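Just so you know, we're using my numbering here: the sequence shown kicks off at 10 and counts up by one.
Think of the CB as a built atom: it goes at the ideal place given N, C-alpha and C, for glycine as much as any other residue.
Given the structure is predicted, the values throughout are model-derived calculations rather than measurements.
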Amino acid sequence: MSYTCPLCHQTLSFVQHNYQCANNHSFDLAKEGYVNLMPVQHKRSKDPGDNKEMMQARRRFLQQGHYQPLRQRVAEVCALHTVNTPHRLLDIGCGEGYYTMQVATALTKQFEPAQTYGLDISKVAIRYAAKRYPNCHFSVASSHRLPFADQSLDAVLRIYAPCKAQELQRVVSDNGVVITVTPAARHLYQLRANIYADVRLHNEEAESVAGFELEYQEMLNYTMSLGEGAGFDLLQMTPFAWKASDELREKLAQTSVFKCEAHFMIRVYRKQ
Numbered sequence: 010m011s012y013t014c015p016l017c018h019q020t021l022s023f024v025q026h027n028y029q030c031a032n033n034h035s036f037d038l039a040k041e042g043y044v045n046l047m048p049v050q051h052k053r054s055k056d057p058g059d060n061k062e063m064m065q066a067r068r069r070f071l072q073q074g075h076y077q078p079l080r081q082r083v084a085e086v087c088a089l090h091t092v093n094t095p096h097r098l099l100d101i102g103c104g105e106g107y108y109t110m111q112v113a114t115a116l117t118k119q120f121e122p123a124q125t126y127g128l129d130i131s132k133v134a135i136r137y138a139a140k141r142y143p144n145c146h147f148s149v150a151s152s153h154r155l156p157f158a159d160q161s162l163d164a165v166l167r168i169y170a171p172c173k174a175q176e177l178q179r180v181v182s183d184n185g186v187v188i189t190v191t192p193a194a195r196h197l198y199q200l201r202a203n204i205y206a207d208v209r210l211h212n213e214e215a216e217s218v219a220g221f222e223l224e225y226q227e228m229l230n231y232t233m234s235l236g237e238g239a240g241f242d243l244l245q246m247t248p249f250a251w252k253a254s255d256e257l258r259e260k261l262a263q264t265s266v267f268k269c270e271a272h273f274m275i276r277v278y279r280k281q
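Right, here's the structure in full:
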């Protein structure tokens with residue numbers, strides 16, 4: 010399977026280190042192994058996506074394994090609820106590929122062959138992912154304009170990532186699935202309690218995805234013990250950082266152990 014041109018939507022063919030379509034639009038394969046399918050006219054800013062500080066904080070936090078239970082379970086769910094062989098899965102908003110790699114490993118064990126794609130608007134994140142995880146195919150692209158042909162994917166993974174329902178309907182094959190991860194009620198409750206006087210629980214109502222039916226859901230809940238500045242990194246990688254006081258930043262940076270709940274909802278939607 011190949012990509013489609015983000016400008017004219019024709020199939021891209023790989024020829025001598027670049028992707029080309031019938032209309033002679035060309036996209037080079039970077040030395041790290043990813044392709045940039047984000048034309049400048051589709052960008053809302055010069056460097057869209059998370060800023061450097063957020064990415065560095067997330068990288069440090071994830072490398073310490075605090076979200077490893079989620080990564081392992083998401084990979085298992087992806088393998089259990091997909092049916093087609095060969096299998097093609099896209100991880101939307103994949104960032105540095107932390108989850109993409111684990112999913113690719115699980116799918117390769119279950120399906121032969123299996124292709125796992127990762128997509129993000131951040132070129133810095135995708136460059137890092139492609140360099141570190143050569144078992145996946147990475148691209149810089151918009152989640153609202155997926156560079157894939159109609160019904161070319163068997164599954165789409167969305168961990169907090171936005172995507173138009175029409176695009177999901179278009180690219181997912183018949184009987185394919187969309188797998189989502191969203192915050193459950195008490196996700197990061199202790200962190201938020203240090204920021205807001207009145208902490209509201211996250212809404213656990215399942216979203217409606219047009220053209221898909223909710224087939225399965227499960228909750229994952231555990232307490233993280235965050236030491237060595239991991240609490241500060243957790244704050245920095247979330248939107249809550251904009252609301253945090255300097256006192257809280259210093260507290261999280263210096264606290265030897267900060268206990269905080271991780272609470273996720275994993276859902277599987279089947280295309281109807």
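Mind checking residue i: buried by the 16 CB within 10 Å criterion, or exposed?
i	result
Ala202	exposed
Asp163	buried
Arg167	buried
Tyr28	buried
Lys173	exposed
Leu89	exposed
Tyr231	exposed
Cys17	exposed
Ser234	exposed
If distances are taken between C-alpha atoms only, which option among the options comes closest to residue i?
i	options	result
Glu145	Ile135, Tyr169, Arg179	Checking the sequence, you will find Cys at residue 145 rather than Glu. Cα-wise, what sits closest to Cys145 is Ile135.
Tyr142	His153, Glu105, Ile130, Gln175	Glu105
Pro171	Asp242, Met274, Ile130, Glu259	Ile130
Arg67	Val92, Phe157, His153, Cys103	Cys103
Val92	Phe36, Phe273, Asp183	Asp183
Gln281	Leu177, Cys17, Arg80, Cys87	Leu177
Val282	Phe267, Arg258, Val149	No answer is possible for residue 282: it lies beyond the span of the chain, which begins at 10 and ends at 281.
Pro156	Tyr278, Val44, Glu270, Asn33	Val44
Give the DSSP-derived three-state secondary structure of residue i in the structure shown.
i	result
Arg279	strand
Asp100	strand
Tyr107	helix
Ala66	helix
Gln124	strand
Lys268	strand
Gln72	helix
Gln29	strand
Leu261	helix
Thr91	coil
Leu116	helix
Leu21	coil
So that I know if they touch, is there some Cβ in chain C lying closer than 7 Å to that of residue i?
i	result
His96	Here chain C cannot be found, since the structure has a single protein chain.
- Does the stretch 244-258 touch the stretch 188-202, meaning 3 or more C-beta pairs lie closer than 8 Å? yes
- Uninterrupted beta strand (DSSP E) stretches inside the stretch 145-177 (no shorter than 3 residues): 146-149, 162-168
- Message: For the pair the stretch 92-110 and the stretch 150-165, tell me if three or more CB-CB distances fall below 8 Å.
- Response: yes
- Cβ pair count under 8 Å reaching 3, the stretch 65-85 against the stretch 204-211: no
- Should the stretch 17-25 be regarded as contacting the stretch 113-126, the criterion being three or more beta carbon pairs within less than 8 Å? no
- the stretch 261-280 in contact with the stretch 231-243 per 3-pair CB rule at 8 Å: Judged by Cβ distances under 8 Å, the stretch 261-280 makes contact with the stretch 231-243, as three or more pairs qualify.
- Query: What are the uninterrupted segments assigned as beta strand (DSSP E) that are 3 or more residues long and contained completely in the stretch 184-259, given in chain order?
  - Reply: With a minimum length of 3 residues, the unbroken runs of beta strand (DSSP E) contained wholly in the stretch 184-259 fall at 221-236.
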